[in-house]
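See structure below.
Number of protein chains: 2
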Amino acid sequence: MNKDNNMEQQILQCAEELFLEKGFSLVSTTDIAKKAGCNQALVHYYFRTKENLFQQIFQAKFTKFLYIFTTFDDSDEPFTTRLRKKIEAHFNLLIENRQIPFLIVNELILNEERRSALVKNIYNKNLEIYRRFDHELQEEIQKGNIRPISTLDLLINIVSMNIIIFFMLPLLESQFNFDDEEIAELLQQRKHEVVETIMCSLRPKNK
Amino acid sequence: MNKDNNMEQQILQCAEELFLEKGFSLVSTTDIAKKAGCNQALVHYYFRTKENLFQQIFQAKFTKFLYIFTTFDDSDEPFTTRLRKKIEAHFNLLIENRQIPFLIVNELILNEERRSALVKNIYNKNLEIYRRFDHELQEEIQKGNIRPISTLDLLINIVSMNIIIFFMLPLLESQFNFDDEEIAELLQQRKHEVVETIMCSLRPKNK
DNA sequence: ATTTTATTTAATAGAGTTATTAAATTGACT
DNA sequence: AGTCAATTTAATAACTCTATTAAATAAAAT
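Protein chains in written order, with numbering that gives the first Met the number 0: chain A, 0 to 206; chain B, 0 to 206.
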């Protein structure tokens, strides 16, 4: 469509939209070609297989999903403030990429090979950042600023509460006829509530 | 297989297992027939269409998923005790039906018609129980026993934290080689942590 | 201007899908 | 044994899907 965008890019972009919306198996290369405005064979000419095309897109999305999650800024603000920001940043990323949770859950459950590939790709890469976060958290717990909780449980809690509203959006849109503005408002509220819930859940008990 | 189990039941049961494992579109009526040990046409003889067969199974699973969630016992135990039990009961249900979260998220996102059918079916049916829970919760908040939170947010928090581990199970099993015992242990720990997190997050702030 | 290379399309092989139809098999009842 | 209905199967129509191939068109290079 754009002058500098060649058809290869066009296909990639259309494939991305379709895969995000329906997942791997419900999108055909014919669908992609139709949306991109080219012949179906061209999709295979550029990407050879549908799996190839999907991999590129999925890898990118998954990395994005984890990236923000595996960074932790080094500013001298207190731990809880930085944690709060981290949760919000992750939620904001999802607002911009609402179908990511569906794609990840769907394809990671369904496809064993995809799982292996991803785990290999990610595990070591982010171990360092995880360890640093772990260290900081457990230190705060030692100081008595935070109730005891395993680092993994905390991370899982955050992710789960962050993603669930995006599973519910189709329901709210199509069944309860929320419009874009209402959805945007709802998401902001939900983000606030997640932060609130996590922060409250971390308050030490004895206090 | 059993004497009293006729082939119709056999097909239904095999279909259930396959649909739970792979979702609607990745299971063919041929797959079902093969697993049930009959001719593919027989699947259509009993259920006419694949959609029909799926609907029966999906409806049942979804009702199950919501049933325990829309009951609230009337014993004279304190609210928080009953809430704790409710969370555990929901989690226990998921332990027995591990693929339910995947099936629901997957098919509810992908199929608009299925959404409509379900919402109609469920909305009014469970409104009464929801209202009662809502009333009790807000009363506790008024009394200052619980920090202010919307009923819906609380329910969403519980569901999200309860289901997420079941999205992660395939990863733990196939990539980190957890055996059944380890998984069982992990699930118990996770259940405990969810209850803990929710309960901690509900403590009033001023106290 | 013509050869070479890159892009794009039409056509199609080959496999798999749902659903239907007619025929075969089984079992019950008279 | 013979009739009737229920169950099961083989065969197949009418798709759709991925991927490949050969041919056509466009762009670049000599």
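Just so it is clear, CB atoms sit at the ideal spot from N, CA and C, and this is done for glycine as well.
Here the structure is a predicted model, which means the values were calculated and not measured.
C-beta neighbour in chain B for Arg146 (chain A), strict 8 Å: yes
Cβ neighbour criterion (16 or more within 10 Å) applied to Thr70 (chain A): exposed
Test: Glu112 (chain A) CB closer than 8 Å to a CB of chain B: no
Cβ pair Met198 (chain A), Arg83 (chain A) closer than 8 Å: yes
Gln8 (chain A) to Thr48 (chain A) span [Cα, whole Å]: 16 Å
Residues within the stretch 183-199 of chain B neighbouring chain A, beta-carbon criterion of under 7 Å: Glu192, Thr196 and Cys199
Within-8 Å CB hit, Ser27 (chain A) to chain B: no
Nearest candidate by alpha-carbon position, reference Phe61 (chain B), set B:Asp178, B:Leu102 and B:Lys34: B:Leu102
Nearest candidate by alpha-carbon position, reference Leu153 (chain B), set A:Arg189, A:Asn91, A:Pro203 and A:Tyr44: A:Arg189
Backbone CA spacing between Leu171 (chain A) and Ala59 (chain A) [nearest angstrom]: 28 Å
Buried/exposed call for Glu181 (chain A), threshold 16 Cβ in 10 Å: exposed
Per-residue contacts from Arg83 (chain A) into chain B (C-beta, under 8 Å): Correct list: empty, because the minimum Cβ distance to chain B is about 14 Å.
Cβ contact check for the stretch 118-127 of chain A and the stretch 109-126 of chain B: 3 or more pairs under 8 Å: no
Contact under 8 Å by Cβ, Leu109 (chain A) with Leu25 (chain B): yes
Buried/exposed call for Lys15 (chain B), threshold 16 Cβ in 10 Å: As written in the sequence, residue 15 (chain B) is Glu, which differs from the Lys given in the question. Per the 10 Å Cβ criterion, buried.
Chain-order list of residues whose beta-carbon lies under 8 Å from that of Ser74 (chain A) (same chain, five-residue window excluded): Arg81
Three-pair Cβ contact test at 8 Å for the stretch 142-162 of chain B versus the stretch 147-161 of chain A: yes
Which of helix, strand or coil DSSP assigns to Phe71 (chain A): coil
Gln174 (chain B) at chain A interface by Cβ criterion, 8 Å: yes
Closest Cα partner of Glu111 (chain B) within the set A:Glu135, A:Pro169, A:Asn176 and A:Ile10: A:Pro169
Reduced DSSP secondary structure (H/G/I, E/B, other) of Gln187 (chain A): helix
Short CB-CB distance (under 8 Å) between Val42 (chain B) and chain A: no
Per-residue contacts from Asn105 (chain B) into chain A (C-beta, under 7 Å): Asn105
Amino acids of chain A, ordered along the chain, whose beta-carbon sits closer than 8 Å to that of Ser159 (chain B): Ser159, Met160, Ile162 and Ile163
Ser200 (chain A) burial status per 10 Å Cβ neighbour count (16 or more: buried): buried
Spatially closest choice to Lys142 (chain B) from B:Asp178, B:Arg202, B:His89 and B:Arg130, by CA coordinates: B:Arg202
Residue nearest to Arg131 (chain A) in terms of C-alpha spacing, selected from A:Glu20, A:Gln54, A:Met6 and A:Asp72: A:Asp72
As assigned by DSSP and simplified to three states, the class of Ser115 (chain B): helix
As assigned by DSSP and simplified to three states, the class of Leu11 (chain A): helix
is_contact[Asn156 (chain B), chain A] using C-beta, thresh 8 Å: yes
Which of helix, strand or coil DSSP assigns to Asn1 (chain B): Any reading at Asn1 (chain B) is ruled out, since the residue's pLDDT is 33, under 50, leaving its predicted position unreliable.
Burial state of Thr29 (chain B), where buried means 16 or more other Cβ atoms lie within 10 Å: exposed
Neighbouring residues, chain A, relative to Arg202 (chain B) (Cβ below 8 Å): Cys199 and Arg202
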